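So in the working numbering, the last spot in the sequence shown is 553, and the numbers never skip. Virtual Cβ for every residue (Gly too), placed ideally from N, Cα, C. Values in this document were obtained by computation on a predicted structure and should not be read as measured data. The structure appears below as C-alpha coordinates.
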Amino acid sequence: MAEVVSTPIATIEPAHAAATTATPGDVAMSEGDTLEKMKKAMQQVEFYFADANLPYDKFMWTLYSKDPEHWIPLATVGSFKRMREHSANGMEWLANAIRLSTFLEVDETGTKIRRTTEPQEPKGQFERSVYAKGFGEEDPTLQGRLEEFFRQYGVVSAVRMRRDEHKKFKGSVFTEFTEFDTVKKFLEADPKPTWNGNELLIMTKEDYCEMKIKEKGLTGKSANHRRELLSSKKFDAFREMAKAKSDGKGGATEEQKKDVFLEFLGHKILIKQDEDSNGTIDEKDIPFVKGVTLKFDGCGGDVTWSEIKDPIKERFDGKAPYIKYARGENSGLVGFYKPLSEEDIEFIKTTIKTINKNEVTWSLPTGGRETVRD
(Lines of atoms letter the chains of each structure in order from A and count residues from 1; the text may use other names and numbers.)
(Lines give C-alpha, C1' and ligand atoms only; values in the text may rest on other atoms or scores of the structure.)
Protein backbone atom coordinates (compact mmCIF):
# COMPACT_ATOMS: atom_id res chain seq x y z
CA MET A 1 0.00 0.00 0.00
CA ALA A 2 1.03 3.58 -0.41
CA GLU A 3 2.33 5.43 2.59
CA VAL A 4 -0.69 7.70 2.68
CA VAL A 5 -3.72 6.88 0.58
CA SER A 6 -4.18 10.41 -0.74
CA THR A 7 -0.46 10.35 -1.57
CA PRO A 8 0.56 13.49 0.30
CA ILE A 9 4.24 13.78 1.09
CA ALA A 10 4.13 15.19 4.59
CA THR A 11 5.22 15.21 8.18
CA ILE A 12 4.31 17.07 11.36
CA GLU A 13 6.15 18.61 14.25
CA PRO A 14 3.52 18.86 17.01
CA ALA A 15 3.96 21.32 19.84
CA HIS A 16 3.36 18.59 22.38
CA ALA A 17 6.21 16.54 20.93
CA ALA A 18 8.66 19.37 20.41
CA ALA A 19 9.14 19.84 24.16
CA THR A 20 10.19 16.21 24.77
CA THR A 21 13.76 16.24 26.05
CA ALA A 22 13.92 13.20 28.29
CA THR A 23 13.04 9.53 27.99
CA PRO A 24 10.20 8.30 30.24
CA GLY A 25 11.22 5.68 32.75
CA ASP A 26 9.26 2.89 31.07
CA VAL A 27 11.24 3.24 27.82
CA ALA A 28 14.24 0.94 27.75
CA MET A 29 16.83 2.05 25.20
CA SER A 30 19.28 -0.58 24.00
CA GLU A 31 22.88 0.16 23.10
CA GLY A 32 23.18 2.10 19.85
CA ASP A 33 19.70 3.62 20.07
CA THR A 34 19.48 7.37 20.31
CA LEU A 35 16.72 9.55 21.63
CA GLU A 36 16.84 11.63 18.46
CA LYS A 37 16.11 8.62 16.24
CA MET A 38 13.25 7.54 18.47
CA LYS A 39 11.75 11.03 18.45
CA LYS A 40 11.94 11.08 14.66
CA ALA A 41 10.04 7.79 14.47
CA MET A 42 7.50 9.02 17.03
CA GLN A 43 6.86 12.26 15.13
CA GLN A 44 6.27 10.41 11.87
CA VAL A 45 3.69 8.14 13.52
CA GLU A 46 2.10 11.20 15.13
CA PHE A 47 1.63 12.66 11.67
CA TYR A 48 -0.39 9.63 10.52
CA PHE A 49 -2.74 10.09 13.50
CA ALA A 50 -2.82 13.91 13.47
CA ASP A 51 -5.93 15.98 12.77
CA ALA A 52 -4.22 17.25 9.61
CA ASN A 53 -4.01 13.72 8.17
CA LEU A 54 -6.11 11.01 9.84
CA PRO A 55 -9.58 12.32 8.85
CA TYR A 56 -8.41 12.90 5.26
CA ASP A 57 -6.56 9.61 4.73
CA LYS A 58 -9.16 7.05 3.70
CA PHE A 59 -6.97 4.05 4.52
CA MET A 60 -6.02 5.31 7.99
CA TRP A 61 -9.58 6.37 8.77
CA THR A 62 -10.88 2.94 7.78
CA LEU A 63 -8.43 1.32 10.20
CA TYR A 64 -9.33 3.85 12.90
CA SER A 65 -13.07 3.24 12.48
CA LYS A 66 -12.81 -0.54 12.18
CA ASP A 67 -11.88 -1.07 15.84
CA PRO A 68 -14.49 0.13 18.39
CA GLU A 69 -11.67 1.41 20.61
CA HIS A 70 -9.75 2.80 17.62
CA TRP A 71 -6.64 0.64 18.01
CA ILE A 72 -4.55 0.29 14.85
CA PRO A 73 -1.97 -2.52 14.39
CA LEU A 74 1.57 -1.28 14.91
CA ALA A 75 2.80 -3.64 12.19
CA THR A 76 0.51 -1.95 9.65
CA VAL A 77 1.84 1.51 10.44
CA GLY A 78 5.37 0.14 10.49
CA SER A 79 4.94 -1.15 6.94
CA PHE A 80 4.41 2.33 5.49
CA LYS A 81 7.15 3.52 3.14
CA ARG A 82 8.34 6.33 5.39
CA MET A 83 8.49 4.00 8.38
CA ARG A 84 10.82 1.41 6.89
CA GLU A 85 14.00 2.95 8.27
CA HIS A 86 12.43 2.89 11.73
CA SER A 87 10.79 -0.54 11.44
CA ALA A 88 14.20 -2.00 10.62
CA ASN A 89 14.96 -1.61 14.35
CA GLY A 90 12.10 -3.97 15.21
CA MET A 91 8.52 -3.55 16.42
CA GLU A 92 9.57 -3.48 20.08
CA TRP A 93 11.94 -0.56 19.38
CA LEU A 94 9.19 1.23 17.45
CA ALA A 95 6.68 0.68 20.27
CA ASN A 96 9.15 2.19 22.74
CA ALA A 97 9.64 5.18 20.44
CA ILE A 98 5.88 5.77 20.30
CA ARG A 99 5.71 5.60 24.11
CA LEU A 100 7.64 8.88 24.11
CA SER A 101 4.48 10.57 22.80
CA THR A 102 1.79 12.14 24.96
CA PHE A 103 -0.48 12.18 21.90
CA LEU A 104 -0.37 8.40 21.25
CA GLU A 105 -0.50 5.29 23.41
CA VAL A 106 0.58 1.66 22.96
CA ASP A 107 -1.56 -1.22 24.24
CA GLU A 108 -0.38 -3.76 26.83
CA THR A 109 0.72 -6.24 24.17
CA GLY A 110 2.88 -3.64 22.42
CA THR A 111 1.23 -4.46 19.09
CA LYS A 112 -1.44 -1.75 18.76
CA ILE A 113 -1.47 2.05 18.91
CA ARG A 114 -4.11 4.78 19.07
CA ARG A 115 -4.67 8.46 19.80
CA THR A 116 -5.27 9.63 23.35
CA THR A 117 -7.88 12.16 22.17
CA GLU A 118 -10.74 12.22 19.67
CA PRO A 119 -10.00 13.76 16.25
CA GLN A 120 -11.00 17.41 15.90
CA GLU A 121 -11.79 19.07 12.59
CA PRO A 122 -8.99 21.55 11.79
CA LYS A 123 -10.07 25.11 11.06
CA GLY A 124 -8.56 27.39 8.46
CA GLN A 125 -6.48 24.76 6.66
CA PHE A 126 -6.95 26.52 3.33
CA GLU A 127 -5.94 29.90 4.75
CA ARG A 128 -2.90 28.38 6.51
CA SER A 129 -1.57 26.86 3.28
CA VAL A 130 0.93 28.20 0.75
CA TYR A 131 1.95 27.26 -2.78
CA ALA A 132 5.62 27.08 -3.69
CA LYS A 133 7.21 26.11 -7.02
CA GLY A 134 10.79 25.58 -8.14
CA PHE A 135 11.92 22.38 -6.43
CA GLY A 136 13.23 20.66 -9.56
CA GLU A 137 13.28 16.91 -10.10
CA GLU A 138 12.29 14.38 -7.47
CA ASP A 139 14.81 12.12 -5.75
CA PRO A 140 14.51 9.72 -2.77
CA THR A 141 15.64 12.39 -0.29
CA LEU A 142 13.47 15.26 -1.53
CA GLN A 143 10.54 14.66 0.80
CA GLY A 144 12.62 14.97 3.94
CA ARG A 145 14.57 17.94 2.62
CA LEU A 146 11.36 19.78 1.80
CA GLU A 147 10.06 19.24 5.31
CA GLU A 148 13.27 20.57 6.85
CA PHE A 149 13.18 23.55 4.49
CA PHE A 150 9.70 24.68 5.53
CA ARG A 151 10.32 24.04 9.24
CA GLN A 152 12.79 26.92 9.31
CA TYR A 153 9.79 29.26 9.01
CA GLY A 154 7.57 27.61 11.63
CA VAL A 155 5.74 24.47 12.69
CA VAL A 156 4.45 22.50 9.70
CA SER A 157 1.28 20.40 9.56
CA ALA A 158 1.88 18.91 6.12
CA VAL A 159 3.96 19.26 2.96
CA ARG A 160 2.20 17.76 -0.05
CA MET A 161 4.16 17.25 -3.23
CA ARG A 162 1.96 17.96 -6.24
CA ARG A 163 1.83 15.35 -9.00
CA ASP A 164 0.34 15.10 -12.47
CA GLU A 165 -2.00 12.39 -13.73
CA HIS A 166 1.01 10.11 -14.24
CA LYS A 167 2.17 10.62 -10.60
CA LYS A 168 5.18 12.64 -11.75
CA PHE A 169 6.29 15.41 -9.38
CA LYS A 170 5.38 18.85 -10.73
CA GLY A 171 8.17 20.67 -8.91
CA SER A 172 5.65 22.41 -6.64
CA VAL A 173 4.07 21.80 -3.23
CA PHE A 174 1.21 22.86 -1.01
CA THR A 175 2.46 23.42 2.54
CA GLU A 176 0.13 23.75 5.49
CA PHE A 177 1.48 25.61 8.52
CA THR A 178 -0.09 25.32 11.97
CA GLU A 179 -0.25 29.10 12.50
CA PHE A 180 -1.56 31.91 10.29
CA ASP A 181 1.40 34.11 11.26
CA THR A 182 3.81 31.58 9.76
CA VAL A 183 2.21 32.02 6.34
CA LYS A 184 2.93 35.74 6.50
CA LYS A 185 6.46 35.09 7.75
CA PHE A 186 7.16 32.75 4.83
CA LEU A 187 5.68 35.01 2.15
CA GLU A 188 7.40 38.15 3.47
CA ALA A 189 10.76 36.50 4.16
CA ASP A 190 13.78 38.64 3.30
CA PRO A 191 15.73 37.34 1.50
CA LYS A 192 13.10 35.50 -0.52
CA PRO A 193 12.93 31.70 -0.06
CA THR A 194 15.29 29.92 -2.45
CA TRP A 195 15.99 26.30 -3.40
CA ASN A 196 19.42 25.33 -4.67
CA GLY A 197 20.19 29.01 -5.19
CA ASN A 198 17.06 29.74 -7.24
CA GLU A 199 14.25 31.96 -5.97
CA LEU A 200 10.96 30.13 -5.53
CA LEU A 201 7.59 31.19 -6.90
CA ILE A 202 5.47 31.53 -3.74
CA MET A 203 1.94 32.65 -2.91
CA THR A 204 -0.97 31.70 -0.68
CA LYS A 205 -2.98 28.68 -1.77
CA GLU A 206 -5.95 31.00 -2.21
CA ASP A 207 -3.97 33.24 -4.59
CA TYR A 208 -2.87 30.15 -6.52
CA CYS A 209 -6.50 29.08 -6.93
CA GLU A 210 -7.50 32.53 -8.15
CA MET A 211 -4.61 32.51 -10.61
CA LYS A 212 -5.79 29.20 -12.09
CA ILE A 213 -9.38 30.46 -12.30
CA LYS A 214 -8.23 33.56 -14.20
CA GLU A 215 -5.94 31.49 -16.41
CA LYS A 216 -8.85 29.27 -17.46
CA GLY A 217 -11.20 32.21 -17.93
CA LEU A 218 -13.75 30.93 -15.40
CA THR A 219 -16.47 33.22 -14.05
CA GLY A 220 -19.64 33.00 -11.96
CA LYS A 221 -20.75 29.52 -10.93
CA SER A 222 -17.87 27.87 -12.78
CA ALA A 223 -15.35 29.92 -10.81
CA ASN A 224 -17.09 29.23 -7.50
CA HIS A 225 -17.24 25.52 -8.27
CA ARG A 226 -13.52 25.56 -9.02
CA ARG A 227 -12.79 27.28 -5.70
CA GLU A 228 -14.79 24.66 -3.82
CA LEU A 229 -12.95 21.82 -5.54
CA LEU A 230 -9.51 23.27 -4.86
CA SER A 231 -10.25 23.99 -1.21
CA SER A 232 -11.82 20.61 -0.41
CA LYS A 233 -10.28 17.20 0.29
CA LYS A 234 -10.86 14.15 -1.89
CA PHE A 235 -11.74 12.22 1.28
CA ASP A 236 -13.04 14.00 4.36
CA ALA A 237 -14.23 11.90 7.31
CA PHE A 238 -16.05 14.85 8.86
CA ARG A 239 -17.93 15.45 5.62
CA GLU A 240 -18.77 11.76 5.33
CA MET A 241 -20.06 11.61 8.91
CA ALA A 242 -22.17 14.73 8.39
CA LYS A 243 -23.63 13.26 5.22
CA ALA A 244 -24.38 9.96 6.94
CA LYS A 245 -26.10 11.83 9.77
CA SER A 246 -28.21 13.88 7.38
CA ASP A 247 -29.16 10.70 5.52
CA GLY A 248 -30.24 9.11 8.79
CA LYS A 249 -27.55 6.44 8.68
CA GLY A 250 -25.56 5.24 11.64
CA GLY A 251 -22.08 5.16 10.13
CA ALA A 252 -19.91 7.09 7.75
CA THR A 253 -20.27 6.17 4.10
CA GLU A 254 -18.28 7.31 1.13
CA GLU A 255 -19.96 10.01 -0.90
CA GLN A 256 -21.27 8.58 -4.12
CA LYS A 257 -19.85 10.28 -7.15
CA LYS A 258 -21.58 10.37 -10.50
CA ASP A 259 -19.55 9.84 -13.63
CA VAL A 260 -19.46 12.86 -15.93
CA PHE A 261 -19.21 12.33 -19.68
CA LEU A 262 -18.30 14.67 -22.53
CA GLU A 263 -20.25 14.39 -25.77
CA PHE A 264 -17.60 14.71 -28.50
CA LEU A 265 -18.09 13.92 -32.17
CA GLY A 266 -20.86 11.47 -31.39
CA HIS A 267 -18.89 9.70 -28.67
CA LYS A 268 -19.26 9.83 -24.88
CA ILE A 269 -15.90 10.33 -23.16
CA LEU A 270 -15.48 9.91 -19.39
CA ILE A 271 -14.12 13.04 -17.69
CA LYS A 272 -11.70 12.34 -14.85
CA GLN A 273 -10.46 14.71 -12.16
CA ASP A 274 -6.78 15.26 -11.42
CA GLU A 275 -5.32 16.48 -8.11
CA ASP A 276 -5.90 20.11 -9.09
CA SER A 277 -9.58 19.36 -9.81
CA ASN A 278 -9.01 19.83 -13.53
CA GLY A 279 -11.30 17.88 -15.84
CA THR A 280 -9.13 15.56 -17.94
CA ILE A 281 -9.72 12.76 -20.43
CA ASP A 282 -7.54 9.91 -21.64
CA GLU A 283 -6.20 10.48 -25.12
CA LYS A 284 -6.99 6.86 -26.01
CA ASP A 285 -10.69 7.62 -25.49
CA ILE A 286 -10.72 10.43 -28.05
CA PRO A 287 -11.92 9.46 -31.54
CA PHE A 288 -9.68 10.46 -34.43
CA VAL A 289 -11.40 12.72 -36.94
CA LYS A 290 -9.27 14.67 -39.37
CA GLY A 291 -9.69 18.43 -39.52
CA VAL A 292 -11.16 19.05 -36.05
CA THR A 293 -7.95 20.44 -34.55
CA LEU A 294 -5.91 23.60 -35.08
CA LYS A 295 -2.46 24.33 -33.72
CA PHE A 296 -1.33 27.76 -32.54
CA ASP A 297 2.32 28.87 -32.24
CA GLY A 298 3.94 31.90 -30.64
CA CYS A 299 1.90 32.44 -27.46
CA GLY A 300 5.00 33.21 -25.40
CA GLY A 301 4.58 30.61 -22.69
CA ASP A 302 1.15 31.50 -21.30
CA VAL A 303 -2.47 31.18 -22.39
CA THR A 304 -5.71 32.48 -20.90
CA TRP A 305 -8.41 30.14 -22.11
CA SER A 306 -10.97 32.92 -22.52
CA GLU A 307 -8.70 34.55 -25.14
CA ILE A 308 -9.39 31.57 -27.37
CA LYS A 309 -12.85 30.43 -26.34
CA ASP A 310 -14.81 33.68 -26.08
CA PRO A 311 -14.13 35.24 -29.53
CA ILE A 312 -15.12 32.14 -31.51
CA LYS A 313 -17.70 30.45 -29.30
CA GLU A 314 -20.70 32.04 -31.04
CA ARG A 315 -19.61 30.85 -34.49
CA PHE A 316 -19.59 27.26 -33.28
CA ASP A 317 -23.17 27.19 -31.93
CA GLY A 318 -22.12 28.39 -28.48
CA LYS A 319 -19.92 25.34 -27.92
CA ALA A 320 -16.51 26.23 -26.53
CA PRO A 321 -13.51 24.45 -28.06
CA TYR A 322 -11.26 22.12 -26.08
CA ILE A 323 -7.74 23.32 -25.42
CA LYS A 324 -4.62 21.23 -24.89
CA TYR A 325 -1.85 23.42 -23.57
CA ALA A 326 0.97 23.05 -21.03
CA ARG A 327 1.97 26.27 -19.31
CA GLY A 328 5.43 27.39 -20.39
CA GLU A 329 5.08 25.97 -23.90
CA ASN A 330 4.97 28.22 -26.96
CA SER A 331 2.25 26.27 -28.76
CA GLY A 332 -0.93 24.31 -28.15
CA LEU A 333 -3.88 22.58 -29.76
CA VAL A 334 -7.51 23.67 -30.03
CA GLY A 335 -10.12 21.01 -30.77
CA PHE A 336 -13.65 21.50 -32.11
CA TYR A 337 -16.80 19.38 -32.04
CA LYS A 338 -16.91 19.11 -35.84
CA PRO A 339 -14.45 19.16 -38.77
CA LEU A 340 -13.45 22.70 -39.74
CA SER A 341 -14.24 24.18 -43.13
CA GLU A 342 -11.82 26.51 -44.90
CA GLU A 343 -14.10 29.39 -43.88
CA ASP A 344 -13.93 28.29 -40.23
CA ILE A 345 -10.15 28.20 -40.31
CA GLU A 346 -9.92 31.62 -41.93
CA PHE A 347 -12.35 33.02 -39.34
CA ILE A 348 -10.21 31.74 -36.48
CA LYS A 349 -7.02 33.11 -38.02
CA THR A 350 -8.47 36.58 -38.49
CA THR A 351 -10.35 36.65 -35.16
CA ILE A 352 -7.57 35.45 -32.87
CA LYS A 353 -4.41 37.12 -34.11
CA THR A 354 -2.76 37.42 -30.70
CA ILE A 355 -2.61 35.33 -27.52
CA ASN A 356 -0.99 36.64 -24.37
CA LYS A 357 -0.26 39.85 -26.35
CA ASN A 358 1.90 37.84 -28.76
CA GLU A 359 1.15 37.40 -32.45
CA VAL A 360 0.34 33.76 -33.18
CA THR A 361 0.15 31.61 -36.28
CA TRP A 362 -2.50 28.95 -36.88
CA SER A 363 -2.04 25.70 -38.79
CA LEU A 364 -3.42 22.20 -39.17
CA PRO A 365 -1.37 19.70 -37.13
CA THR A 366 0.76 17.31 -39.13
CA GLY A 367 1.57 13.78 -38.01
CA GLY A 368 0.26 11.96 -34.97
CA ARG A 369 -3.25 12.12 -33.61
CA GLU A 370 -5.20 15.35 -33.39
CA THR A 371 -6.14 15.13 -29.74
CA VAL A 372 -7.04 17.67 -27.11
CA ARG A 373 -8.30 17.69 -23.55
CA ASP A 374 -10.31 20.18 -21.57
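Starting from residue i, trace the alpha helix (DSSP H) both ways and give me its first and last residue.
i: SER308; result: Premise fails: SER308 lies in the beta strand (DSSP E), 308–312, not in any alpha helix (DSSP H).
i: ALA337; result: Note, ALA337: premise wrong, no alpha helix (DSSP H); beta strand (DSSP E) at 335–342.
i: GLU264; result: 263–266
i: LYS302; result: No alpha helix (DSSP H) contains LYS302, which DSSP labels as neither H nor E.
i: ASN535; result: Run containing ASN535: none; DSSP gives neither H nor E here.
i: ASN275; result: 270–277
i: TRP240; result: 237–245
i: LEU519; result: Where LEU519 is concerned, there is no enclosing alpha helix (DSSP H), given that its DSSP letter is neither H nor E.
With DSSP as the reference, label residue i as helix, strand or coil.
i: THR290; result: coil
i: PRO490; result: helix
i: TYR501; result: strand
i: TRP484; result: helix
i: ASN377; result: strand
i: LEU473; result: strand
i: THR540; result: strand
i: LEU397; result: coil
i: LEU449; result: strand
i: THR383; result: strand
i: PRO252; result: strand
i: TYR332; result: coil
Does the separation of the CB atoms of residue i and residue j fall below 8 Å?
i: PHE353; j: SER308; result: yes
i: ALA254; j: SER336; result: no
i: LYS503; j: GLY511; result: yes
i: ARG339; j: PHE348; result: no
i: LYS384; j: TYR332; result: no
i: ASP476; j: THR540; result: yes
i: GLU306; j: PHE356; result: no
Looking only at its chain, what residues have a beta carbon closer than 7 Å to the beta carbon of residue i, apart from the 5 residues adjacent to it on each side?
i: TRP240; result: LEU233, PRO234 and ALA416
i: LEU242; result: ILE251 and THR255
Could you check where the beta strand (DSSP E) with residue i kicks off and where it finishes?
i: LEU283; result: 283–285
i: PHE352; result: Looking at the sequence itself, residue 352 is Val, so the reference to Phe does not match. Where VAL352 is concerned, the enclosing beta strand (DSSP E) stretches over 348–356.
i: VAL513; result: 510–514
Tell me whether residue i, by its Cβ, gets closer than 7 Å to a heavy atom of the ligand ZN.
i: TYR235; result: Within the structure as shown, the ligand ZN is missing, as the structure has no ligands at all.
Tell me which residues share the same chain as residue i and place their Cβ nearer than 8 Å to its Cβ, disregarding the 5 neighbours each side in the sequence.
i: THR295; result: THR281, PHE282, LEU283 and GLU284
Can you list, in chain order, the residues of its chain with a C-beta nearer than 6 Å to that of residue i? Leave out the 5 residues immediately preceding and following it.
i: TYR516; result: LYS498
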